[in-house]
Structures are given as structure tokens and as C-alpha cells.
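A.B. asks: Going down the list, the protein sequences come from chains A and B. Throughout the first sequence, residue numbering follows numbering that gives the first Met the number 0, covering 0 to 257 in sequence. Throughout the second sequence, residue numbering follows numbering that gives the first Met the number 0, covering 0 to 551 in sequence. Ideal Cβ placement from N, Cα and C applies to all residues, glycine included.
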Amino acid sequence: MESLSPVITTSNLSKTYEVPVLKNINLTVNAGEIIGYIGPNGAGKSTTIKILTGIIPDYDGEASVLGLDIRKNALEVKRKIGYIPENAALYDTLTPVEYLHFIGQLYKMERTAVDKKAKELLNVFELGNYTDARMTTFSKGMRQKVLLIAGMIHNPSILFLDEPLSGLDANAVILVKEILTQLKRGGKTIFYSSHLMDVVEKISDRIMIINKGEMIANGTFEELNTQARGSLENIFTELTGNKEHSTAAGQFINILEN
Amino acid sequence: MNTTLLKFLDLFRGLYTRLGADYEQLRAIVDIKLMMDNRRQGVSYRRKTDKEPGNAFIMTLVVYSIFGIFVALALYMIPSFILSMIVFFSYIIVMISMTLITDFSSILLDTSDNTIILPRPVNGQTLFAARLTHILLYLGQLAIGLSLLPALVVIIKYGIVLFVFFLLAIVLSVLTAVFLTNTFYLLVMQFASEEKLKNIINYFQIIMAISIMGGYQILPRVMERMDIEQYIFEVHWWHFLLPPVWMAGAMESIHFHLLDGAHIGLTFCALVLPVTGAYLVNKYLSPVFSKKLGSMGASSEQVQKVKTEKESFVDKISTWITSNPFEQGAFDVIYKILGRDRKLKLKIYPAFGYILVFGLIFMMQGKKDFADTWHNLPNTEYHIVLIYLTFMVLQVALHEIPYSDDFKASWVYFSTPLDKPGEILSGTLKAIFVRLFIPAYLGISIIILAIWGIRAAEDIVFGIFNNFLMLLTLSLINKRHLPFSMAPNVRSQSGNIARAFITFFLIGLLGFAHYLLSKQPMIQWAVMPVQIGLIFLLLRSYKRTRWEQLTL
Chain A
0 MESLSPVITT
10 SNLSKTYEVP
20 VLKNINLTVN
30 AGEIIGYIGP
40 NGAGKSTTIK
50 ILTGIIPDYD
60 GEASVLGLDI
70 RKNALEVKRK
80 IGYIPENAAL
90 YDTLTPVEYL
100 HFIGQLYKME
110 RTAVDKKAKE
120 LLNVFELGNY
130 TDARMTTFSK
140 GMRQKVLLIA
150 GMIHNPSILF
160 LDEPLSGLDA
170 NAVILVKEIL
180 TQLKRGGKTI
190 FYSSHLMDVV
200 EKISDRIMII
210 NKGEMIANGT
220 FEELNTQARG
230 SLENIFTELT
240 GNKEHSTAAG
250 QFINILEN
Chain B
0 MNTTLLKFLD
10 LFRGLYTRLG
20 ADYEQLRAIV
30 DIKLMMDNRR
40 QGVSYRRKTD
50 KEPGNAFIMT
60 LVVYSIFGIF
70 VALALYMIPS
80 FILSMIVFFS
90 YIIVMISMTL
100 ITDFSSILLD
110 TSDNTIILPR
120 PVNGQTLFAA
130 RLTHILLYLG
140 QLAIGLSLLP
150 ALVVIIKYGI
160 VLFVFFLLAI
170 VLSVLTAVFL
180 TNTFYLLVMQ
190 FASEEKLKNI
200 INYFQIIMAI
210 SIMGGYQILP
220 RVMERMDIEQ
230 YIFEVHWWHF
240 LLPPVWMAGA
250 MESIHFHLLD
260 GAHIGLTFCA
270 LVLPVTGAYL
280 VNKYLSPVFS
290 KKLGSMGASS
300 EQVQKVKTEK
310 ESFVDKISTW
320 ITSNPFEQGA
330 FDVIYKILGR
340 DRKLKLKIYP
350 AFGYILVFGL
360 IFMMQGKKDF
370 ADTWHNLPNT
380 EYHIVLIYLT
390 FMVLQVALHE
400 IPYSDDFKAS
410 WVYFSTPLDK
420 PGEILSGTLK
430 AIFVRLFIPA
440 YLGISIIILA
450 IWGIRAAEDI
460 VFGIFNNFLM
470 LLTLSLINKR
480 HLPFSMAPNV
490 RSQSGNIARA
500 FITFFLIGLL
510 GFAHYLLSKQ
520 PMIQWAVMPV
530 QIGLIFLLLR
540 SYKRTRWEQL
550 TL
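1. Taking only three categories from DSSP, how would you classify Arg545/B?
2. Comparing C-alpha positions only, which one of Ile211/B, Ile77/B, Gly264/B sits nearest to Trp237/B?
3. Exposed or buried, which one is Asp91/A when buried takes at least 16 other CB atoms within 10 Å?
4. Ser203/A and Ile33/A: beta carbons closer than 8 Å?
5. How many angstroms separate the CA atom of Ile55/A from the CA atom of Tyr16/A?
6. Does the distance from the C-beta atom of Tyr58/A to that of Ser13/A stay below 8 Å?
7. For chain A, check one thing: does any of its Cβ atoms lie closer than 8 Å to the Cβ of Ala408/B?
8. Nearest chain E C-beta to Asn1/B closer than 8 Å, yes or no?
9. Is it true that the segment 85 to 97 of chain B meets the segment 239 to 250 of chain B, where meeting means three or more beta-carbon pairs spaced less than 8 Å apart?
10. Which residue or residues does DSSP assign as beta-bridge partners of Ser63/A?
11. Between the alpha carbons of Ser45/A and Val121/B, how many angstroms are there, rounded?
12. Should Pro401/B be flagged as near chain A, meaning a C-beta pair shorter than 8 Å?
13. What's the call for Trp451/B, buried or exposed, on a 16-neighbour Cβ count within 10 Å?
14. Against chain A, with Cβ distances strictly below 8 Å, would Asn556/B count as a contact?
15. Taking Ala27/B as the query, report the chain A residues whose CB atoms sit under 8 Å from its CB, ordered along the chain.
16. By the criterion of Cβ-Cβ separation under 8 Å, what are the contact partners of Tyr90/A in chain B?
17. By the three-class DSSP mapping on this structure, what secondary structure does Lys6/B have?
18. Decide if the segment 457 to 468 of chain B is in contact with the segment 522 to 539 of chain B; the criterion is three or more beta carbon pairs, one per stretch, under 8 Å apart.
19. Do you know offhand how far Thr77/B's Cα is from Glu233/B's?
20. Leaving out the 5 sequence neighbours to the left and right, which residues in its chain are closer than 8 Å to Thr550/B when beta-carbon positions are compared?
21. Compare the C-alpha of Asp114/A against each of Thr135/A, Ile148/A, Gly35/A and name the closest.
22. Is it right to say Tyr215/B is buried, meaning 16 or more other beta carbons lie within 10 angstroms of its own, or is it exposed?
23. Name the chain B residues whose beta carbon is nearer than 9 Å to that of Arg78/A?
24. For the beta strand (DSSP E) containing Tyr191/A, name the first residue and the last one.
25. Kindly provide the ranges of any beta strand (DSSP E) runs that are 3 or more residues long and lie completely inside the segment 173 to 218 of chain A, ordered along the chain.
26. Helix, strand or coil: how does DSSP classify Asn25/A here?
27. Leu388/B to Leu174/B, Cα distance in whole Å?
28. Among Ile534/B, Ala150/B, Asp30/B, which one has its Cα closest to the Cα of Asn465/B?
29. Counting contacts by CB-CB distance shorter than 8 Å, is Arg38/B in contact with chain A?
30. Tell me the rounded alpha-carbon separation between Lys47/B and Ile209/B.
31. Considering Asp475/B, what are the terminal residues of the alpha helix (DSSP H) in which it resides?
32. What do you reckon, are the CB atoms on Arg70/A and Tyr106/A nearer than 8 Å?
33. Below 8 Å, can you find three or more Cβ-Cβ pairs linking the segment 416 to 436 of chain B to the segment 375 to 385 of chain B?
34. Report yes or no: is there a C-beta of chain B within less than 8 Å of the C-beta of Tyr82/A?
35. Rounded to whole angstroms, what's the CA-CA distance from Ala62/A to Phe203/B? Just pull it up for me.
36. Taking C-beta pairs closer than 8 Å, name the residues in chain A that Glu23/B reaches, listed in chain order.
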């Protein structure tokens, strides 16, 4: 077991746009943990991640990463963490190498080192043949791979991933899962959100479930299992109050047939 | 070329550092932005090639300096010093403001920076300075290009001393334009949502397209007729509201050593107001602006609702003029997309303005006296020209309708049991006609009735049938494509000129026939049933288009 020093803590973290999207979130993440952060669409997952990565600067409550208050040290926090966004936003008129080169420069990495690293990483992700092709033609999975590399190229000690597996094919999912597990073994902390319950169930040390801006569960899979029985999928629907799936499905069929 | 520009930037490293920006990061951002600009232009100006335009910067300069030829000529030929200067500075300020609003808006409003750069350790000053630098480089390029030839004229005509002040005035004009655009953006953003802002910008782009076209066609013709030889400039109070007049006044004051109150006032405005404006932009407007931009990405998650009242009216029309679900479906969808797709609007809507531009050119052809021509207009048959010029809208629409960025969505035509694709085609045609042609024609009809009176009524009715016949004929002889089903970059350029030529020839022929018939209104009324019968026949044939007849 790694040392149990918290690297992410929040107390009463709240955020309001027109309506409250996060309500008094209190969470602690220890070094070397993999946290699966799940919840229905619009629950506040992305907002939490954006606050913890210093992208949204105005929030209520306290949040700190690596002992740094995010509100005061956003730049320092950004330097030490990696972030992989959910919407595949990248400058797609560039080639992957150009893009990664640019990202590396923003982290002040040495130029030749970035290029070498970028090419090698692209090779591992089977994009070796596309290093000099513009990304306008890339599929969603290929873009996601480039984004994964862009988020990790500076070797951060904490990694935030927002839906990192969307659009990836089965092989790539297995590869990313394996990368995450090995990163954890190397002492990195990983905080990620996903809709893929079976993946979350398998690789997370701890699972946090958020619904309507509130944390409704926080524990290992075994611990959650005592609150509600079955697979993570069952637990999830149980806790997020969406038990009427089969009724809804029935209705759907009914409307189609009439 | 970019490396040269970046080396130029390196000169200001100290300045940037003092402003609180991280120069290395700033350089990286500017570098990448310039690189993307080059490629973006590659897509919009020519056909898509993966080749890097090595000297895009120079090329753009050349293009802009060609734009500058006209104003350089004006500067050279207009005898009145101050008038020529007013023309030049109006041109510079208008061009730069318009380009800032139209071309640059996409870069300015691009929120992908928020997701790509914001998560990285880049501070606010660096990002802001990088954006500003990017804009300034772009503006510099524009201003240098546009004033290259005019500056040459100034050196030749007025000497090197005035040239130096001339350059200074250009810089001040650019500052003024930046201030004006910034204020414009902020005002609009204050009252309109992001979506509305994009619509407003879209309309500006359309107006810009029309006015560039119109300006180049009409202004020289107007100037030929104006008595610019005898032009005498008097300063009025409202001149102090017009930045080009400040600049021109300052130039005149320097060149002729005029030191009266009005000139000193104008020179003062020219010097002080742009600088004050720039200060205000930097100090107060920019932060508000950045904040607004920052919040844009966040608000885009809200789903935009479309007003539904208007649609029920469309539904009524569509049930009335279409005969089956396929046709009606196509009509409804195409009708709505024609009104909403900004890219499409930018391509088609300028044609509305071209009608008037070309109409004016036709009427002014060979005439010396504008007022006289105007009074004589009701006795001429020029309204027939207007009637057939309206077809331009349809011509452009026909050309654009097969293409869309969302061409992939056309899979629905293939996955549904669509047995007669002709129904889709005829629905599309009707939608184009109702959405684009009818409003344009209504406008033209009002103008015609106002000038030519009720005697033109039968020409208007006769003309609308002819226009629809023309639309049908062209649709029948052209390759038939399903609407919005092809990628914009596969568009074949071959045969376009020939096709346009044939179209204009046919339209001309039709117009001439109409002109001959217009002498006998009775025959005109008699021909109308024939027209309607023909429309019915052709439409039926078009509706029966089979899959084999389509070019996919």
C-alpha cells in the first residue's frame, strides 16, 4: 500500500451557474489511487474535474491539489497535473506531431525531446503512420488517442480524465486500462469519469457516485456492494434513482407499436 | 515566412515579459495560430490541397494590394486633395473594420482555446497577449497590403515628407478601426446571445460581399458622373464625427500648412481620439471582452430552441403545394435549412444584393446624367431586366444546394424505402423557389410597381412563370444531385463557366422574348396558360426522376 497522504481534497465545494450544479462536495483522494467518478449526464462530473484542474476559477468552498489551493495556485497545479477533456477539442488542421509539439512547448519541455516522445507514443497507439497527416481526417478514436498523449506528455503526477474511453475500439480500451493500471503502480494518482461501468468496476480503487450535484456514494466496490446488491450497473441505477428502466423500455416499445 | 515573422516578434521579447507574458509560450501559441491560418485559407480560397502554401503571407499581401489599386487610382486622379484623402481613409477604416468583423470573427470567437490552452499552465496575460499579437500581425498585413499602392501614389504626388505623416495616419486609422470593432462586438454581446452574435456577423459578411461587389462596380461609374473637378470642401460640425475626415483634415493641414481652427480641430481628433480609444480598449474593453468570450463555451451547452409559430405557416404552405410525404418532407427540411445554415446563407444571400447592383449598372449604362435617367425610367422597359436578374438568386441556389458540410446525413435517403427520388428533388426545388425567389421577387415587384406603375403588372406575372420555367429547365438539363448530399470539396470546377454562360444566354433570350411580347399585353395573357401547362409537364417529368438518373 502506498502512503495515504491526500493529494486532492475538497471541502464544501459548490458551483452555481443559473442553477446549482455542485452542492457541497467533500472528497479526498490519496496518492496512488484510481478514482472512478461516475454519475448520470449533467450530474456535475465535468464541472468537478474542471474545477480541480484549475479551468474554472470561480467556485465556492475549498479545493486543493497536491497541497496547493487551486484558487491561488492554478498555474502551479496545471503544471503538475494532466487533463484529458471529454469533447475531442484539438486544433485539427495540425498534424498530431505538430499538435503535441505545441502542447509540449506550453509545458516548457525541451523541443527535440517532445518530438521524439510524441512520435514514440503515437507509435505505441498505432498512429505511427499518421504522424504527418492532418487531424481533420481522424476518426474519434484516433483523436482521443492524441488527446490522451497530449494530457500525459509532461508526465504529470495526477491525471484527470473526462470520459477517456469514448470512441475507442475494444483493443484501445484494453490498452488504456492497462496504461492506467501501470501508471498507478508507478505511484500516479488517477481521477477519471466514465460511463463504462464494467471498466470502472474493474480498475477503480474507489468509486464515487455523483447525482444532481451531490455525492451520493463513495467507497470501494465492495463497500458500495453492501449498500445495494449486484453489479456496479445495478448499484448505479439503484443509487441514482433510475429504477424505472424496464418500465421506460416497455413504454418505448409500446409507442412504437401503436 | 512564419519564422521571419516570429524572428520579428523576438525583438519585442522584453516588452512582452514586462507585460507579464511568458514569451516562450506566447511564441508557441502565435506560431501555431499562424500555421493554422495558412491552412484555413488553403481550404477556403482554393481547392483543398495538402500542400503547405509556403508564402501565404506574401500572397495575401499581393491580394490586398490588388484591392488597393482602385483606391490608389482615386488618390491619383481626384483633384481635390482632401476629397481623395477622405476616400482613402474611409476605405482603410471600412475595410479593416469589416474584415475584423467578418474574417476574423471566426478566430476571435473560437472557443477551442478554452479547452485546449486553458488546462495548460499558461497565465491569462500570456494568452491575451498572444491573441492580441495574432490580431495585430493580421491587421498589419492587411493595412500594409491595402496601402502599398496608395502610399506609392503619395510619394510620387506629394513627396516623402507627407508620406511619413501618411503612414502615421494609417496606423491611427487602424487603431480607430480596432476601437470601433471592439465597441461593436461588446455592444452586440451585451444584448445578444452567442448564437445571435453569430447571426449578426453572418449578415455583416453578406453585406460585405454585396458592398465589395457593388462598390467596385458602381463607385467608378458614379465618380465619372460627379463634378469632382469643382469639388470644394467645407468643414461642418458632423465631420468631427467621421474618423476618415479627421485623418484627411490632418493631412491637408500638414500639406498646405493650414492652421485655422477647423484644421487644428481635425488634426487634434486624428491624433488624440485613436490613442485614447486604444487605451480604453486595452484598459476596459479587452478584459470584459475576454471574460465574455470565456463564458461562451460554457453557455453553448444550452440547447437552442427554435421559434415554432412561424413554422406552422410553412406547414400550411407545404401541404398546399406538395403532393406527397416525400416531397413535403424534402420541402420542409430544405426550407428550414435555407433559413438557418449560416454557411449556406453566406453563399446564397449576397445574390439578393447583386440583383440591385446589376440592375443599377444596366440602367446607368451609357447614360451621362443620372437624374435624367431616373426621370425617364418609367418610359423604358428596364423593369424586364430586373425581373430576369432575380433569377440570379435561383442560379446561385441551384449551384449550392447539392453541397453541405453535413453531407453524411444524406444516408437517410438510402436507408429509407425511397422509391422515387424525384419527389425529393421537386420538394427541394419548390422550397428554393418559395424561400428564396418569392421574397426577392416580391421586393423587386414592389420596386417595379412603384416606378413603372400598374402597367408592369402583367410583366410581373408573366415573369414569375418564366423564372420558374427556367429553374425547371436548368434542373432538368443539369446533373441531378440529392440536396446536401455531397462534400463541398469534391465540387467539380470544370464546365462551370460554360454552364453559367448557357444560363445567362437562356435568361437573356427569355428576357428578350418577354420584351417583344410586352408590346402586346393581350398576347402575354394568352401565353400564360401555355406557361402553366409547360410548368406542369416539366415538373411532372422532374418528379419522376429515377435513381438511375441521379448523379450520386
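C.D. replies: Let me lay it out:
1. One-based indexing of the second sequence puts residue 545/B at position 546. Arg545/B falls in the coil class under three-state DSSP.
2. The count along the second sequence starts at 1 and reaches residue 237/B at position 238. The shortest Cα separation from Trp237/B among Ile211/B, Ile77/B, Gly264/B belongs to Gly264/B.
3. Mapped onto the first sequence, residue 91/A falls at position 92. Buried, because 16 or more other Cβ atoms sit within 10 Å of the Cβ of Asp91/A.
4. Numbered from 1 along the first sequence, position 204 holds the residue referred to as residue 203/A. Numbered from 1 along the first sequence, position 34 holds the residue referred to as residue 33/A. For Ser203/A and Ile33/A, yes; Cβs fall inside 8 Å.
5. Position 56 of the first sequence holds residue 55/A. Position 17 of the first sequence holds residue 16/A. One C-alpha to the other measures close to 12 Å.
6. Here residue 58/A refers to the residue found at position 59 of the first sequence. Here residue 13/A refers to the residue found at position 14 of the first sequence. Cβ atoms of Tyr58/A and Ser13/A: closer than 8 Å.
7. Within the second sequence, the letter at position 409 stands for residue 408/B. Not an interface residue.
8. Looking at the structure shown, chain E is missing, and the protein chains on hand are A and B.
9. yes
10. The residue you call residue 63/A lines up with position 64 of the first sequence. Ser63/A pairs with Thr8/A, Asp68/A.
11. Taking the first residue of the first sequence as position 1, residue 45/A is located at position 46. Taking the first residue of the second sequence as position 1, residue 121/B is located at position 122. So the alpha carbons of these two residues sit roughly 21 Å apart.
12. Residue mapping note: residue 401/B aligns to position 402 of the second sequence, counting from 1. No, Pro401/B lies away from the interface with chain A (no Cβ there is under 8 Å from its Cβ).
13. Taking the second sequence and counting its residues from 1, the one referred to as residue 451/B is at position 452. Burial call: buried.
14. The first residue shown for chain B is 0 and the last is 551, placing residue 556/B beyond what the model contains.
15. As a working note, residue 27/B is residue 28 in the second sequence. Within chain A, the residues near Ala27/B are Phe101, Gln104, Leu105.
16. Residue numbering aside, residue 90/A sits at position 91 when the first sequence is read from its first letter. Those within 8 Å of Tyr90/A in chain B are Ile31, Met35, Ser111, Ile115.
17. By 1-based counting over the second sequence, the position of residue 6/B is 7. Helix.
18. yes
19. The residue given as residue 77/B occupies position 78 in the second sequence. The residue given as residue 233/B occupies position 234 in the second sequence. At residue 77/B the sequence reads Ile, which differs from the Thr that was named. Computed Cα separation, rounded: 17 Å.
20. The count along the second sequence starts at 1 and reaches residue 550/B at position 551. The residues are Lys478, Arg479, His480.
21. Locating residue 114/A in the first sequence gives position 115, where the first residue counts as 1. That would be Ile148/A, whose Cα lies nearest to the Cα of Asp114/A.
22. As a working mapping, residue 215/B is identified with position 216 in the second sequence. Counting Cβ neighbours within 10 Å, Tyr215/B comes out exposed, since fewer than 16 surround it.
23. Position 79 of the first sequence, counting from 1, holds the residue named residue 78/A. Per Cβ cutoff of 9 Å: Arg119, Pro120.
24. Against the first sequence, residue 191/A aligns to sequence position 192. 188 to 192 is the span of the beta strand (DSSP E), which, as asked, contains Tyr191/A.
25. 188 to 192, 205 to 210, 213 to 218
26. Within the first sequence, numbered from 1, the residue matching residue 25/A stands at position 26. Here Asn25/A sits in strand by DSSP.
27. Here residue 388/B refers to the residue found at position 389 of the second sequence. Here residue 174/B refers to the residue found at position 175 of the second sequence. Whole-angstrom Cα-Cα distance: 41 Å.
28. As a working note, residue 465/B is residue 466 in the second sequence. The residue with the shortest Cα to Cα distance from Asn465/B is Ile534/B.
29. On the second sequence, position 39 is the one that residue 38/B refers to. At least one chain A Cβ lies under 8 Å of Arg38/B.
30. The residue given as residue 47/B occupies position 48 in the second sequence. The residue given as residue 209/B occupies position 210 in the second sequence. Per-residue confidence for Lys47/B stands at a pLDDT of 41, beneath the threshold of 50, marking its modelled position as unreliable; the derived number appears in the next sentence. Each residue's Cα considered, the two are about 26 Å apart.
31. For the purposes of this step, residue 475/B is taken as residue 476 along the second sequence, with counting starting at 1. The question names Asp, but residue 475/B in the sequence shown is Leu. Run containing Leu475/B: 456 to 476, per the alpha helix (DSSP H) assignment.
32. One-based indexing of the first sequence puts residue 70/A at position 71. One-based indexing of the first sequence puts residue 106/A at position 107. Taking 8 Å as the Cβ cut-off, Arg70/A and Tyr106/A do not qualify as a contacting pair.
33. no
34. Numbered from 1 along the first sequence, position 83 holds the residue referred to as residue 82/A. So, interface residue.
35. For the purposes of this step, residue 62/A is taken as residue 63 along the first sequence, with counting starting at 1. For the purposes of this step, residue 203/B is taken as residue 204 along the second sequence, with counting starting at 1. Cα to Cα, the separation comes out at about 45 Å.
36. Residue mapping note: residue 23/B aligns to position 24 of the second sequence, counting from 1. Those are Gln104, Lys107, listed as they occur along chain A.
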